[in-house]
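Structure first, commentary second.
There are 2 protein chains.
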Amino acid sequence: MSAAMADRPRRIVIVGGVAAGMSAAARARRLDEHAEIVVLERGAHVSFANCGLPYYVGGEIEDQSSLLVQTPATLRAALDLDVRVHHDVIALDAATRSVTVRGPEGDEQLAYDALVLAPGAVAVRPPLPGLDSPRVSTLRTVEDAVRLRERIEAGAEASARRAVVLGAGFIGVEAAEALRRQGLEVELVELAPHVLPPLEAEIAAPVAAELRRLGIRGRAGIAAESVEHHEDHDTVVLADGTRLEADIILLSAGVRPDTAAFEAAGVACERGAILVDEHGRTNLPDVYAAGDAVLSVDAVTGLRRPVALAGPANRAGRGIADHILRPDSARPLPAPVGTAIVRVGELTAALTGANSAALSAAGIETDTLHLHPTQHAGYFPGAAQMALVVHIRRGDGLLLGAQAVGREGVDKRIDVLATAIRAGLTAADLIDLDLAYSPVYGSAKDPVNLAGMVGVNVLDGTLALWYAQDWDRLRAEALILDVRSAAEYAVGHLPGTLHIPHTELRDRLDEVHDAAAGRPVRALCGSGVRSHIAHRLLTQSGFDSASLSGGMLTARAVLGEGVLAH
Amino acid sequence: MSAAMADRPRRIVIVGGVAAGMSAAARARRLDEHAEIVVLERGAHVSFANCGLPYYVGGEIEDQSSLLVQTPATLRAALDLDVRVHHDVIALDAATRSVTVRGPEGDEQLAYDALVLAPGAVAVRPPLPGLDSPRVSTLRTVEDAVRLRERIEAGAEASARRAVVLGAGFIGVEAAEALRRQGLEVELVELAPHVLPPLEAEIAAPVAAELRRLGIRGRAGIAAESVEHHEDHDTVVLADGTRLEADIILLSAGVRPDTAAFEAAGVACERGAILVDEHGRTNLPDVYAAGDAVLSVDAVTGLRRPVALAGPANRAGRGIADHILRPDSARPLPAPVGTAIVRVGELTAALTGANSAALSAAGIETDTLHLHPTQHAGYFPGAAQMALVVHIRRGDGLLLGAQAVGREGVDKRIDVLATAIRAGLTAADLIDLDLAYSPVYGSAKDPVNLAGMVGVNVLDGTLALWYAQDWDRLRAEALILDVRSAAEYAVGHLPGTLHIPHTELRDRLDEVHDAAAGRPVRALCGSGVRSHIAHRLLTQSGFDSASLSGGMLTARAVLGEGVLAH
């Protein structure tokens, strides 16, 4: 035992005490009772509930104390960790294996045998004139959240009730809802074409509608140009001249790795993010890094990008402790799949793996499937459709990514698909999954099974799809055949389509033949189930046919309600 | 095209029109517009919501029409299927490739090119005296459910309000709750040692408590011996002499394959269940079988058993249609993993893969993990613990089975684990899953990730476990060390234990040393997290130590509340 002990690091220094850093510290202690473990945290708190901050702002989490999962005292008692808050690491010297720490009592040198860099990221501050206004907040720390809620509660008395949220990413959307829940008027401004930019347009559309239902005014595809400061409010000026008056401006325009001190010390970085190997090692000996500050290799596309997610950060911190203390047996850290989720009002939106943009950037040929299954058996009360988008690799059907939005069951399906992506499953494998079925929880053919069935049908040519994005071209080139019921058709349909309910199609193929006049037939229905049946009938009857992926539900999300004829 | 067409079966005959049969029929039509597809169903309904029957009885599903997902007319219109209800196949002649069908207009011979046997199963009727009473019902068909609800509604007027449910499997438990929801007094009688026999005892215990909370009186480990018939009620007599008066007796003692006519015709069976190959083929040419009537090979244990689940039945029916019409490209049918779920009051209980009994029967060496994680972040309102049991293969950690019970999030974790089992993942792989995290839905370390971490700790010796089942032996042989807080200890603890809170353990190791007096130390806490930390400290301090798997939560479920000292 003593021989092995002699090789172990005696002092492990960890920079940053939240997700990755604290996971590394706790795991290190469990593996080695005798190491000295020092955690240096710039802020006032360690191991706090970062992802809970918007819910504290919104009042759903009532007490600030709930956000503080651990304190230096509890960590000392349970794990004998030396946790020092208000300690900022301002320099690193790899030659002497030491860091310079600036604390309340001044600077000191601290030597390390192993060093873990988990400094996290800071809010991006775009170069907008006026953004230094005291009415501008960010939401990264407990202090940020506490100050913001204090301002809201003060504002409630002073009738200062208008908020502008700049950036409609996950935190921006959560914060906008939190502010709205507190009764403020909320404007949400996003530079990208739609809210929650990582989502596909057809998944983001229901989210945007839900934000409107909550009373949040969203504007996408537009830049903020400046913030004007007035005595009793600020004004956010947008690129189109719109002026939004605000008592509170929440800046949520993304984050950047907080790595300047380490890059200056020779830690290899790319675009400010620390480069690490499969064990979390940087280019410097015995210096590791994890969390929002590192560059990850995407598990699906192989592209390098920062992944600011708590799950991968915790996992990497823990895995780094394994490698520091058990270098021979530590498993490589997995490349992140990038699974994320957000509640918006009564909806859940979630994604895993790559989206269309990432697949396109990576040059991966993809088939995309759109489904609208219910979260549980349709005959059981409360059944509600979700929108599910699944990307599979053309040819072999390898699962590449998935997104969903709906009222219930979205988190479950995305987690199953995230597991399937990690396991390297294909569309065919999804058919074979034995998922838990009772009418309360699912269907005998679960949405994930259905996605596999549609995928294999596409891969082997049983099903040919067309996409709502191609509507403008196809309405000119093809006969668009709507096979829904007369009642559904009457409520709203794409203009210029032939309407034959799928139950009558066998007897009315002559009409299709005459209307098509040699053109291809592009069928559609509500969600793609009946048009698949119609496609099979048409293709076996000699037509060049295809079925609209996701049906009218997807078409309305992609094209908007304005396209409909009545 | 005509050459390929010529090889295709012209008439596909399908026996049984519910899950497997109707999936085969619908898929066959989508693949082949020109085949004649005949579905022969003995009962009055096809494609009905079998798993919804208890909810119709309980009134949660209000209308009988909701149970009828399709009718012969809708199937004719949409898919050109020739669906014949009240048609019972009474004989099969493989030599002439024909079946004898008994319909309302008499018997007829029907030739087939391909035959799919999906006759399902019928309720087992144990040889109990008096079980032929008209007050005894089963719950297998829409007619069963309608009659039962009529009797309940009639009973409401006549004050006939007592039900005895014989058999506490999934359907028995669902039916008991449905009857209770209708206001009846319900007694639930199970021969096996606990309700829901496929569940581990520690998962079944919270279910039994929830049944009691619902007002259902459950008796497990006891047989019914007879049913006595009286003028205005029946009496169920149990083996211990208990007499239960009943206006309604629901027999739910399992099912057996409904295969006598086919076995007589030469279809190879084992214990009455049809033997099939990986494409669903029986021993007879062009005769396939699927659903509750076939014997499956368990995906985990390799043991052969009937799997009466809708998901595998639907999947097999569809896969058989693929093999009939596309024999060269049809994929093999997967062996069922056996995932099942049930709602009981406010709880969900679910399982996937093999349980302890099956693993033991198969001779597979297993490590079993018990966890009690919350369904989402503990700091977010509404966090509630679930009980999670995971079986991994000793040595390599291959995931073998999992069960869970709790208020929320059980279905999600079991579906993720079912996917992991199908994919052949190990405990280490579970650590690496990127699951969707926001405090509303999960934790940065999801319950599934945690199970992986505990599993790898056990596999590599970082963690040694002891089990509540070994309490009687270990209390004599070891020092039992309770590391919970003083407040937790005071509420109830195992007798004769040493109590040192984990936060004080480092400073009080001398006390442990003295109390142990050379014996092993067996630590415990609330759920196993703190005793793991204690174990690490103890083992690195030279003690022979282990941590109680699942902590006091599991111990109370296994040993009962009576074992506690206060």
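Keeping their order, the protein sequence lines are chains U and Z.
Counting in my numbering, the first sequence runs from 1 upward without gaps.
Counting in my numbering, the second sequence runs from 567 upward without gaps.
Don't be surprised by glycine CBs; every beta carbon is placed ideally from N, CA and C.
It should be emphasised that the depicted structure is a prediction, and the values quoted were computed from it without experimental measurement.
Residues in the same chain with beta-carbon distance under 6 Å from residue i, minus the five sequence neighbours each way, listed in chain order, please.
i	result
Val-604 of chain Z	Val-579, Asp-648
Asp-1134 of chain Z	What the structure shows of chain Z is the stretch from 567 to 1132, and residue 1134 of chain Z is not part of that stretch, so it cannot be assessed.
Gln-385 of chain U	His-372, Thr-374
Gly-885 of chain Z	Leu-899
Pro-947 of chain Z	none
Ala-520 of chain Z	The question about residue 520 of chain Z has no answer, for chain Z in this structure spans 567 to 1132.
Leu-777 of chain Z	Gly-784
By a C-beta neighbour count over all protein chains shown, 10 Å radius and 16 as the cutoff for buried, is residue i buried or exposed?
i	result
Ala-831 of chain Z	buried
Arg-909 of chain Z	buried
Thr-662 of chain Z	exposed
Gly-735 of chain Z	buried
Gln-109 of chain U	exposed
Ser-1115 of chain Z	buried
Ser-895 of chain Z	exposed
Gly-583 of chain Z	buried
Ser-926 of chain Z	exposed
His-229 of chain U	exposed
Ser-1097 of chain Z	buried
Glu-477 of chain U	exposed
His-45 of chain U	buried
Val-410 of chain U	buried
Ser-1113 of chain Z	buried
Please state the DSSP three-state secondary structure of residue i.
i	result
Tyr-112 of chain U	coil
Ile-61 of chain U	coil
Ile-324 of chain U	helix
Gln-403 of chain U	strand
Gln-469 of chain U	helix
Ala-77 of chain U	helix
Ile-930 of chain Z	coil
Asp-659 of chain Z	strand
Ala-49 of chain U	coil
Val-708 of chain Z	helix
Ser-854 of chain Z	According to the sequence shown, residue 854 of chain Z is Tyr rather than Ser. Strand at Tyr-854 of chain Z.
Glu-408 of chain U	coil
Leu-1029 of chain Z	coil
Gly-172 of chain U	helix
Thr-419 of chain U	helix
Ala-839 of chain Z	strand
Arg-181 of chain U	helix
Is residue i a contact residue of the ligand PLP, with contact defined as CB to any heavy atom under 7 Å?
i	result
Gly-1058 of chain Z	This structure lacks the ligand PLP, and indeed carries no ligand of any kind.
Under 8 Å Cβ to Cβ from residue i, same chain only, skipping five residues before and after it: list those, please.
i	result
Arg-8 of chain U	Asp-32, His-34, Ala-35, Leu-325
Ala-310 of chain U	Ala-19, Asn-50, Cys-51
Asp-679 of chain Z	Pro-575, Arg-576, Arg-577, Ile-578, Arg-663, Asp-852
Ala-767 of chain Z	Pro-759, His-760, Ala-1123, Val-1124
Using C-beta distances below 7 Å, list every residue in its chain close to residue i, excluding the 5 sequence neighbours before and after it, in chain order.
i	result
Ala-819 of chain Z	Val-690, Pro-692, Leu-732, Gly-733
Asp-1073 of chain Z	none
Ile-431 of chain U	Asn-449, Gly-452, Met-453, Val-456
His-1068 of chain Z	Val-1049, Cys-1091, Arg-1096, Ile-1099, Ala-1100
Which residues in chain C sit within 8 Å of residue i, going by Cβ to Cβ distance?
i	result
Gly-52 of chain U	No chain C is present in this structure, whose protein chains are U and Z.
Next on the checklist: Just to confirm the assignment: which complete beta strand (DSSP E) runs, minimum length 3, are found wholly within the stretch 193-254 of chain U?
Outcome noted: 216-220, 224-229, 234-238, 243-246, 248-251
Item to check | Any 3 or more C-beta pairs closer than 8 Å across the stretch 860-873 of chain Z and the stretch 803-810 of chain Z | outcome: no
Checklist entry - Hey, which unbroken runs of the beta strand (DSSP E) at 3 residues or more fall wholly within the stretch 15-43 of chain U? => result 36-41
Checklist entry - Of all the beta strand (DSSP E) runs that stay within the bounds of the stretch 472-557 of chain U, which reach a length of 3 or more residues? => result 479-482, 521-524, 545-548
Checklist entry - Is there contact between the stretch 895-902 of chain Z and the stretch 1078-1096 of chain Z, where contact requires at least three CB pairs shorter than 8 Å? => result no
Checklist entry - Is the stretch 630-642 of chain Z close to the stretch 742-756 of chain Z, with three or more CB pairs under 8 Å? => result no
Checklist entry - What are the uninterrupted segments assigned as alpha helix (DSSP H) that are 4 or more residues long and contained completely in the stretch 294-362 of chain U, given in chain order? => result 310-325, 356-361
Checklist entry - Would you call the stretch 1043-1058 of chain Z and the stretch 1002-1014 of chain Z touching, i.e. three or more CB-CB distances under 8 Å? => result no
Checklist entry - Would you call the stretch 759-772 of chain Z and the stretch 1116-1132 of chain Z touching, i.e. three or more CB-CB distances under 8 Å? => result yes
Item to check | Stretch pair the stretch 976-989 of chain Z + the stretch 909-924 of chain Z: three plus CB contacts closer than 8 Å | outcome: yes
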